[in-house]
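S.K.:
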Amino acid sequence: MTAAPATLDRIRRHLVGLRMPRALEVLEHLLRQLERGEISALEAIDSLLDEELSLREGRRVKAALKMGRLLTIKTLAGFDFAFQPSLDRNRILTLAGLDFISRHEVVHFLGQPGCGKTHLAIALAVEAVQAGRSVYFTTLAELIGSLAKAEREGTLRERIRFLCRPQLLVVDEIGYLPVVAGGGNLFFQLVNARYERGAMILTSNRGFAEWGEVFGDTVVATALLDRLLHHAIVVRIEGASYRLRRHADLLPDTSSARPIAPSEPPRRRGRPPKLRTADLTAAT
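Following full-length UniProt numbering, the numbering of the sequence shown begins with 1 at its first residue and continues without gaps.
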């Protein structure tokens with residue numbers, strides 16, 4: 001089966017007009033396979049469309065990752081579960097099913113620096129992007145800085161509205177840097193706006209009982225936890241730093257340090273909390 005030159009030229013023009021560069025690129029190869037009888041006409045059409053769709057999907061994912069500020073890509077396949085035996089691999093893979101996004105839940109990753117919290121948070125965010133969900137990634141310091149700037153400029157409402165658009169908001173490094181005065185209140189306004197409307201992933205090296213110290217205000221911290229733990233999945237990671245695994249003998253002994261443990265969530269009057277704690281160190 002040989003395509004007439006005039007017909008082939010018209011097909012090329014159509015592919016250019018339809019902005020299908022990948023289909024145009026593989027057209028000649030598929031025609032040769034068709035002529036040799038290696039594929040049927042339907043298989044050729046299927047391959048042509050599949051190649052174009054794959055290209056467009058790759059572009060979509062790349063653009064969505066950039067818009068979501070996921071510039072450093074981490075994947076679940078690249079996570080060393082063997083190094084963190086406290087983690088239940090199957091439970092993490094269940095999170096990758098992204099049902100928590102549909103339920104507007106908050107996933108908390110708690111653990112010491114270097115144990116893989118950020119890796120897992122980014123990996124789940126990448127899974128969400130690939131599944132067509134909108135995502136935005138930020139550190140707590142960057143987030144509060146942007147909210148404070150918007151407040152000074154009189155655009156706080158618009159900024160909060162912008163941060164409520166993504167289906168998944170990832171806030172990294174809670175507790176690593178001191179929160180500026182008033183920062184806790186700004187974060188609360190965002191959390192309150194997203195409450196039961198959008199999912200979040202939070203990472204922290206501090207237990208919930210220490211959030212009053214983190215935000216410099218126990219009242220604000222209690223109000224934050226009241227919402228962030230109402231529909232929550234808490235994942236506690238106990239283990240050494242992956243980044244420093246080759247230099248463990250140089251690190252100070254932290255065996256007597258107080259472990260990070262989730263505290264009891266504040267109870268809401270008239271509404272019992274639905275905290276679903278996935279304490280992976282005790283998983284069976």
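Virtual Cβ for every residue (Gly too), placed ideally from N, Cα, C.
Cα-Cα, which of S86, D99, T138 and L48 is closest to T118?
M.R.: Closest option to T118, Cα to Cα, is T138.
S.K.: E210 to D46, Cα distance in whole Å?
M.R.: Cα-Cα distance, rounded: 57 Å.
S.K.: Quick one: using the 10 Å Cβ neighbour count with 16 as the cut-off for buried, is H14 buried or exposed?
M.R.: Result: exposed.
S.K.: Say whether chain C places a C-beta atom closer than 8 Å to the C-beta of T72.
M.R.: This model lacks chain C altogether, as it is built from one protein chain only.
S.K.: With 16 other CB atoms within 10 Å as the buried threshold, where does S102 fall?
M.R.: Counting Cβ neighbours within 10 Å, S102 comes out exposed, since fewer than 16 surround it.
S.K.: At a cut of 8 Å, does the region 219 to 235 reach the region 135 to 149 through at least three beta carbon pairs?
M.R.: No contact exists between the region 219 to 235 and the region 135 to 149.
S.K.: Can you tell me whether F208 is helix, strand or coil according to DSSP?
M.R.: In this structure, F208 counts as helix in the three-state DSSP scheme.
S.K.: Among A64, Q84 and G183, whose alpha-carbon lies nearest the alpha-carbon of E142?
M.R.: The option with the nearest alpha carbon to E142 is G183.
S.K.: Measuring CA to CA, which of I233, L186 and N205 is closest to A223?
M.R.: Among I233, L186 and N205, the Cα nearest to that of A223 is on L186.
S.K.: Only counting runs of 4 or more residues, tell me where the alpha helix (DSSP H) segments fall wholly within the region 93 to 146, in order along the chain.
M.R.: Runs of the alpha helix (DSSP H) inside the region 93 to 146: 99 to 102 and 117 to 130.
S.K.: What distance in whole Å lies between the Cβ atoms of H108 and R197, which are believed to be in contact at a cut-off of 8 Å?
M.R.: Actually they do not touch by this definition, with Cβ atoms about 18 Å apart.
S.K.: Identify, in the order they occur along the chain, each residue of the same chain with its Cβ nearer than 8 Å to the Cβ of R60, setting aside the five sequence neighbours on each side.
M.R.: Cβ neighbours of R60 beyond the five flanking positions: none.
S.K.: Using the DSSP secondary-structure output, state which residues sit across from V170 in a beta bridge.
M.R.: Paired residue(s): F137 and I201.
S.K.: Is there contact here, the region 47 to 55 with the region 85 to 94, by at least three beta-carbon pairs under 8 Å?
M.R.: No, the region 47 to 55 is not in contact with the region 85 to 94.
S.K.: Is the CB-CB distance between A193 and C164 below 8 Å?
M.R.: Cβ atoms of A193 and C164: closer than 8 Å.
S.K.: Tell me which residue opens and which closes the alpha helix (DSSP H) that V61 is part of.
M.R.: Unbroken alpha helix (DSSP H) run through V61: A41 to M67.
S.K.: Starting from residue 305 and walking both ways along the beta strand (DSSP E), at which residues does that stretch end?
M.R.: Here the chain covers residues 1 to 284 and nothing more, so residue 305 does not appear.
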